[in-house]
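Student:
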Amino acid sequence: MRILLANAILQQRTGTEVVTIELAQALAARGHEVVVYTPLMGDSAEALRARNVRVTDSLHDLDFEAEVIHGNHAVELVHAMIRYPHAPGLFVCHDPGIWFSEPPDLARIRAYVGVCGLTVRRIEQAVPRMAGRVQFVPNAVDLDRFVPRPPLPPSPLRALALTKHSGHLDTLRAACARAGVALDILGPGAGQVVDDLPARLRDCDLVFATARMAIEAMAVGCATIVVDGRGLAGLATSRVAGEWRAMNFGMQALTRPVTEDAVLAEIARYDAGDAAAVSASVRAAQPLSRAVEQYERLYRGIIDRHAPVPADIQGREMSRLMQQWFPAINGVVRACAPVAAAPVDVSPVAAAPVDASPVAAPPVAATPPPEVMRAGFWNRLGRSIDKRFGPKRR
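Under this note's numbering, the first residue of the sequence shown carries the number 497, and numbering increases by one thereafter.
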């Protein structure tokens, strides 16, 4: 199959970036022709290219005829579907609230996928015709990279926090200090992103993480406390792991506030034997190979069932979508635009005496590079759109 994967960004190691990298590599290894589209390229894009996977930030001159389009974010999927007007699409909702994961309602999107119960619900609310038909494909682990660590010690000695947030880190530090556990911190929330996470995990006994990072830690065999800046779920034990798996070990499970005493109590529940049982269950239930097979079946199914959508219907759907997106974006653009200079009073005034003594010229602020100005604008745009579309609990 000729598969186009569309993702908002390929610069670091965030969740959807890792999903895109692993899926693209696995599909290519299984003989499919894969191209990845992202408007924001960086280290992750170069890593894919180094593995002979095509990556582009421009669709209009791409010499590739997609049979199916897999979109992890709304804008990039719609952009790709405009470029390839005859290809069916598949949308994966990775987040229950953030604006760029809002599911677009288009007839050519033949399958919708959620990674947890909240994202499935979000799709059903945004696209009512899909009620009861949304596919569930949980986040998966590359078992060849995240290999089991040696048996855990009876008590934790070294801990690792993996996070996109930073508000809870002081609490984790204090709790670990009281428990006598050394703590390292990695992830965007700590400004420390690494490429050797599997090796880092094998050196740790206890991990604080959520979602994909928690799943990877459990697959390695670390005892894992599900927590981030949004809240605390607790220690992932064999009793709750199945229930939390349906929640992607994410927001829906984070029902308690993050306090020092609460985190300390979860550290005290550390159980090396139970952590091994959790690891075995995660490795059995969520291997990358199974997720790839699920997506292959979905791709083949929507290609085989796809029938052309009349141009009038596509036009009406796209018009409705643009009407939904543009008013909010236009308002945000106006809010983010530079403030106009105050009007200049040009009425005549009496001439003042001229002081001919030399004066120093006022300092001139350096103009930021264009890429910095663009980044600042789009950051403000994203924050403003977040206020309109999310993030919020559903």
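Think of the CB as a built atom: it goes at the ideal place given N, C-alpha and C, for glycine as much as any other residue.
1) Give the DSSP-derived three-state secondary structure of Ile578 in the structure shown.
2) Applying the 10 Å Cβ sphere with the 16-neighbour rule, what's the burial state of Ile578?
3) To which residues of the same chain is Pro649 closer than 8 Å at the C-beta, ignoring the five residues directly before and after it?
4) Can you list, in chain order, the residues of its chain whose CB lies under 6 Å from that of Ala707, leaving out five sequence neighbours each side?
5) Cβ atoms of Pro592 and Thr615: under 7 Å apart, would you say?
6) Roughly how many whole angstroms lie between the Cα atoms of Ala852 and Asp666?
7) Would you mind stating whether Ile565 and His528 have Cβ atoms separated by less than 7 Å?
8) Report yes or no: do the stretch 617-628 and the stretch 669-681 share at least 3 C-beta pairs separated by less than 8 Å?
9) Per DSSP, which one or two residues make a beta bridge with Glu620?
10) Considering only their Cβ atoms, is the gap separating Val690 from Val723 smaller than 7 Å?
11) Could you give the DSSP three-state label for Arg509: helix, strand or coil?
12) On a Cα-Cα basis, can you pick out the residue from Val774, Val778, Ala732 and Tyr795 that is closest to Ala764?
13) Give the straight-line distance between the Cα atoms of Ser470 and Arg526, rounded to the nearest whole angstrom.
14) What first and last residue would you give for the beta strand (DSSP E) that runs through Ala893?
15) Considering only C-alpha positions, which residue in the set Pro624, Val623, Ala636 and Ile605 is nearest to Cys612?
16) If I measure Cβ to Cβ from Pro541 and keep anything under 7 Å in the same chain, skipping five residues before and after, which residues do I get?
17) Strictly by DSSP, which residues pair up with Asp680?
18) Quick one: residues in its chain with C-beta nearer than 7 Å to the C-beta of Ala638, no 5 flanking neighbours on either side, listed in chain order?
19) Can you say whether Gln521 is buried or exposed, counting buried as having 16 or more other CB atoms within 10 angstroms of its CB?
20) For Val716 and Leu555, what's the separation of their Cα atoms in angstroms?
21) List the endpoints of the continuous beta strand (DSSP E) containing Thr667.
22) Would you call the CB atoms of Leu750 and Gly727 closer than 7 Å?
23) Look at the alpha carbon of Asn568 and the alpha carbon of Leu501, and state the distance between them as a whole number of angstroms.
24) Taking the alpha carbon of Ala576 as the reference point, which residue from Arg604, Ile594 and Arg625 has its own alpha carbon closest?
25) Please report the straight-line C-alpha distance between Arg741 and Pro634, rounded to a whole angstrom.
26) Mind checking Gly891: buried by the 16 CB within 10 Å criterion, or exposed?
27) Which same chain residues end up closer than 6 Å to Ala655 when comparing Cβ atoms and leaving out the 5 residues on each side of it in sequence?
Tutor: Let me lay it out:
1) helix
2) exposed
3) Asp701 and Ala768
4) Asn744, Phe745 and Gly746
5) yes
6) Note that Ala852 scores a pLDDT of 40, beneath 50, so its modelled location is shaky; the value from the coordinates is reported in the next line. Distance between the alpha carbons of Ala852 and Asp666 is about 60 Å.
7) no
8) no
9) Bridge partners of Glu620: none, in fact.
10) no
11) coil
12) Ala732
13) Since the displayed the chain opens at 497 and closes at 890, residue 470 lies outside it and no answer follows.
14) Any question about residue 893 goes unanswered here, given that the chain covers just 497 to 890.
15) Ala636
16) According to the sequence as given, residue 541 is Ala; it is not Pro. So the qualifying residues of the chain are Leu506, Thr534 and Val551.
17) Leu656
18) Note that residue 638 is Asp in the sequence shown here, rather than Ala. Once the five neighbours on either side are set aside, the close Cβ partners of Asp638 are Glu518 and Leu784.
19) buried
20) 38 Å
21) Not the beta strand (DSSP E): Thr667 falls in the alpha helix (DSSP H), residues Leu665 to Ala675.
22) yes
23) 8 Å
24) Arg604
25) 8 Å
26) This structure gives no information on residue 891, because the portion of the chain shown stretches from 497 to 890.
27) Cys672, Val677, Leu679 and Leu702
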